[in-house]
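These protein sequence lines map, in sequence, to chains D and A.
Per our numbering, the very first residue in the first sequence carries number 48; after that it's consecutive.
Per our numbering, the very first residue in the second sequence carries number 48; after that it's consecutive.
The C-beta atom is built at its ideal place from N, Cα and C for all residues, glycine as well.
Input: a single structure, listed below in structure tokens.
There are 2 protein chains.
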Amino acid sequence: MSRPLAVDRHGHILQALETHGSVSVADLAERFNVSMETIRRDLKLLAEEGRLVTVHGGAHRLSNEPSLSRRNIENAEGKAAIGRAAAALVEDGMAILIDSGSTTLALAQALSSRADLTVLTNSLPIGLLLARTKAIKTVLLGGEIEPNDEAAFGLDTLDLIAKYRVDVAFIGAGGISEAGQFTDYTRLAAEQRARMAGAAKATYVLADHTKFSKRTPVPIPITAPIAGLITDLLPKGEPAAVAASRLWTIHVAGSKA
Amino acid sequence: MSRPLAVDRHGHILQALETHGSVSVADLAERFNVSMETIRRDLKLLAEEGRLVTVHGGAHRLSNEPSLSRRNIENAEGKAAIGRAAAALVEDGMAILIDSGSTTLALAQALSSRADLTVLTNSLPIGLLLARTKAIKTVLLGGEIEPNDEAAFGLDTLDLIAKYRVDVAFIGAGGISEAGQFTDYTRLAAEQRARMAGAAKATYVLADHTKFSKRTPVPIPITAPIAGLITDLLPKGEPAAVAASRLWTIHVAGSKA
DNA sequence: CCGTTAATGTGACTTTATGTGGCTTTCTAG
DNA sequence: CTAGAAAGCCACATAAAGTCACATTAACGG
Chain D
48 MSRPLAVDRH GHILQALETH GSVSVADLAE RFNVSMETIR RDLKLLAEEG
98 RLVTVHGGAH RLSNEPSLSR RNIENAEGKA AIGRAAAALV EDGMAILIDS
148 GSTTLALAQA LSSRADLTVL TNSLPIGLLL ARTKAIKTVL LGGEIEPNDE
198 AAFGLDTLDL IAKYRVDVAF IGAGGISEAG QFTDYTRLAA EQRARMAGAA
248 KATYVLADHT KFSKRTPVPI PITAPIAGLI TDLLPKGEPA AVAASRLWTI
298 HVAGSKA
Chain A
48 MSRPLAVDRH GHILQALETH GSVSVADLAE RFNVSMETIR RDLKLLAEEG
98 RLVTVHGGAH RLSNEPSLSR RNIENAEGKA AIGRAAAALV EDGMAILIDS
148 GSTTLALAQA LSSRADLTVL TNSLPIGLLL ARTKAIKTVL LGGEIEPNDE
198 AAFGLDTLDL IAKYRVDVAF IGAGGISEAG QFTDYTRLAA EQRARMAGAA
248 KATYVLADHT KFSKRTPVPI PITAPIAGLI TDLLPKGEPA AVAASRLWTI
298 HVAGSKA
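Right, here's the structure in full:
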């Protein structure tokens, strides 16, 4: 008997996901009469294409990217340290751009006692936080709101970014590849971050150490030079860290400050 | 038989929370056929994500976001009634525009259990609220954030408004003049509201009865016809009300409904 | 027919999720 | 206020799932 094609499996998996919301590795293995390992490879592949998210025991359909509130508490201390380090780079009178994300939110918090700044951001929590200070002029880069990020993305956002020019941009990243390249979850998010970098005289990437072990599918196509990476811990010997250290200045923020 | 996925449990827990308001550890353990300890771990995890709060014996949904509850709303009951009345005008599949303000926020709250809608807004609290439903596509009309309104205003906002066309616009007003004209605090806000009306096939103004006694300096230069005014109480004999009644359909929302 | 390549299976090992039992904390009836 | 019951917490045990390296098989083009 001929082996069923892998593509058919992928189609069926996605369809099952569509109807049931989630699938388990064991069920799929039984259904297609293949080993669990094969199913895992399928799911891994589809996950890299961004068509589902893998969870322990199986996979779940999209819309369950780790939510902002969850990332918010993960390594909160390290992110706060990164936020303080980044805030120290901001001088009075500057116009800066702050990307969405939990690490960049820490930067906004560190800046909230400052004054005489103009801040552009696509993040709703950051926008609200800074606007409430009443001492920082805040511009919200609008667009379609991505619920998990609680931030705006899309054509409108890209348009707005193109209309501004700032002194410094602080952007986030979904992960850092082994080659030392920043990566993201979706094509759109990656493009948008790259455009943010393009709108600034200097760009810093804020990423805590957990990003070094994360792989996300889309490289961020940054053309402008990166002024530096600000992180909390540099994993010794990790290829990503080594590669990164050749490419950018790395600021390591002390977790206690 | 494969072990059911943990994520499914999480989803069901959140859904049960949505419908019942609270859940008990014992019930959940029985329902999913797992130990109470496992359920506790689930709840702890979801609590850390900020998606529920744990209490002795179970969990209950979080009542209000800090950003939304912060402002003590004047005439909250009347505004809630207006919100419900306005929400009744919105049909599935519609694209609507919601202005910033506490009255329009009440509309957003009334809409938050709906689905299959596209909502444009310049208000950050409304944007956050609706985006979190994950069932309503939300577009944030960006621009400079006005701290008091927690909403975006300015050239960028006007530009964005011009790019969209919606079925219905719900706008607020700073006051209602004796001649029955809507007025606002600033030239910019007035202009922006007028443009919002211009982007819609139909425009409703949401204003509670306190607006009838308020005078604000700038008339809102609306050119398109107003489909109606939605309010909670029509002050008998007030000139503004009389004039208004000649110009627009007036929906009076019962405070209890 | 052979060699190459991609896909799949296997087995050792690691990680994660869940259950269990002992102990502490919290609630509640009396 | 107090005692008992219920719930929570923690540490450890265990089974299921994941990962990785390597073996095996099937497919395909000379």
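query                                                                                                                                                                                 : result
How about Thr-185 of chain D: is its C-beta nearer than 8 Å to some C-beta of chain A?                                                                                                : yes
For a contact meaning CB atoms closer than 7 Å, what does Glu-197 of chain D contact in chain A?                                                                                      : Leu-175 and Ala-178
Quick one: grab the DSSP three-state call for Pro-172 of chain A.                                                                                                                     : helix
Output needed in chain order: residues of the segment 80-103 of chain D with a Cβ under 8 Å from some Cβ in chain A.                                                                  : Val-102 and His-103
Would you call the segment 193-213 of chain D in contact with the segment 239-249 of chain D, where contact means no fewer than 3 C-beta pairs closer than 8 Å?                       : yes
Roughly how many whole angstroms lie between the Cα atoms of Ala-127 of chain A and Lys-91 of chain D?                                                                                : 47 Å
Excluding the 5 residues preceding and the 5 following Met-83 of chain A in the sequence, name in chain order all residues of the same chain whose CB lies nearer than 6 Å to its CB. : Val-72 and Ala-76
Kindly indicate which three-state DSSP category Lys-126 of chain A falls into: helix, strand or coil?                                                                                 : helix
Quick one: which chain D residues come within Cβ less than 8 Å of Ala-53 of chain A?                                                                                                  : Val-102, His-103 and Gly-104
Straight-line CA distance for Gln-62 of chain A to Val-137 of chain D?                                                                                                                : 44 Å
Let me know the alpha helix (DSSP H) ranges lying completely inside the segment 57-111 of chain D, each 4 residues or longer, listed in chain order.                                  : 72-79 and 83-95
If you reduce the DSSP assignment to three classes, tell me which class Asp-35 of chain A lands in.                                                                                   : The requested residue 35 of chain A is not part of the displayed model; chain A covers only 48 to 304.
Measure the beta-carbon distance from Pro-194 of chain D to Ala-178 of chain A and round it to whole angstroms, keeping in mind my assumption that it falls under 8 Å.                : 5 Å
With distances taken between CB atoms, is the gap from Ser-170 of chain D to Ile-192 of chain D smaller than 8 Å?                                                                     : no
Among D:Phe-259, D:Lys-258, D:Thr-278 and D:Thr-233, whose alpha-carbon lies nearest the alpha-carbon of Glu-268 of chain D?                                                          : Correcting the residue type first, residue 268 of chain D is Pro in the shown sequence and not Glu. For the residues D:Phe-259, D:Lys-258, D:Thr-278 and D:Thr-233, the minimum Cα distance to Pro-268 of chain D belongs to D:Thr-233.
Tell me whether the beta-carbon of Asp-255 of chain D lies closer than 8 Å to the beta-carbon of Thr-150 of chain D.                                                                  : yes
Per DSSP, Asp-55 of chain A forms a beta bridge with which residues?                                                                                                                  : According to DSSP, Asp-55 of chain A bridges with nothing at all.
In chain D, which residues lie with their C-beta within 8 Å of the C-beta of Leu-171 of chain A?                                                                                      : Leu-171, Gly-174, Leu-175, Ala-178 and Leu-187
Establish whether the CB of Asp-163 of chain A and some CB of chain D are separated by less than 8 Å.                                                                                 : no
Would you identify the three-state DSSP class for Lys-181 of chain A, choosing helix, strand or coil?                                                                                 : coil
Rounded to whole angstroms, what is the Cα-Cα separation between Gly-222 of chain A and His-103 of chain A?                                                                           : 48 Å
For the alpha helix (DSSP H) holding Leu-281 of chain D, just list the boundary residues, first then last.                                                                            : Counting along the chain, Leu-281 of chain D falls outside any alpha helix (DSSP H), and DSSP gives it neither H nor E.
From the DSSP output, in three-state form, read off Ala-247 of chain D for me.                                                                                                        : strand
If contacts are defined as beta-carbon pairs under 8 Å, then His-57 of chain D and Val-54 of chain A qualify, I think. What distance do you get, rounded to the angstrom?             : Going by Cβ atoms, the distance from His-57 of chain D to Val-54 of chain A rounds to 21 Å, so no, they are not a contact pair.
Using a Cβ-Cβ cut-off of 8 Å (strictly less than) and excluding sequence neighbours within five positions of Ala-271 of chain A, which residues of its own chain qualify?             : Ala-244, Gly-245, Ala-247 and Thr-250
Since Ile-183 of chain A contacts Arg-161 of chain A with CB under 8 Å, what's their CB separation in whole angstroms?                                                                : 7 Å
How should Arg-118 of chain A be labelled, buried or exposed, when 16 other C-beta atoms within 10 angstroms of its C-beta is the threshold for buried?                               : Residue placement at Arg-118 of chain A is flagged as unreliable, the pLDDT there being 48, under the threshold of 50; a coordinate-derived value is accordingly withheld.
Residues of chain A with CB under 8 Å from Gly-190 of chain D, in chain order?                                                                                                        : Val-186, Leu-187 and Gly-189
To the nearest angstrom, how far is the alpha carbon of Leu-52 of chain A from that of Leu-158 of chain D?                                                                            : 41 Å
Assuming contact is defined by CB atoms lying nearer than 8 Å, are Leu-207 of chain D and Gly-189 of chain A in contact in what I supplied?                                           : yes
Is Asp-146 of chain A close to chain D, meaning its C-beta is less than 8 Å from at least one C-beta of that chain?                                                                   : no
Residues in the same chain with beta-carbon distance under 7 Å from Tyr-211 of chain A, minus the five sequence neighbours each way, listed in chain order, please.                   : Leu-167 and Ala-246
Determine, using beta carbons only, whether Val-215 of chain D and Phe-229 of chain D come nearer to each other than 8 Å.                                                             : no
If you draw a straight line from the alpha carbon of Gly-275 of chain D to that of Gly-140 of chain A, how long is it in whole angstroms?                                             : 46 Å
If you measure from the beta carbon of Asp-203 of chain D to each beta carbon in chain A, is any gap under 8 Å?                                                                       : yes
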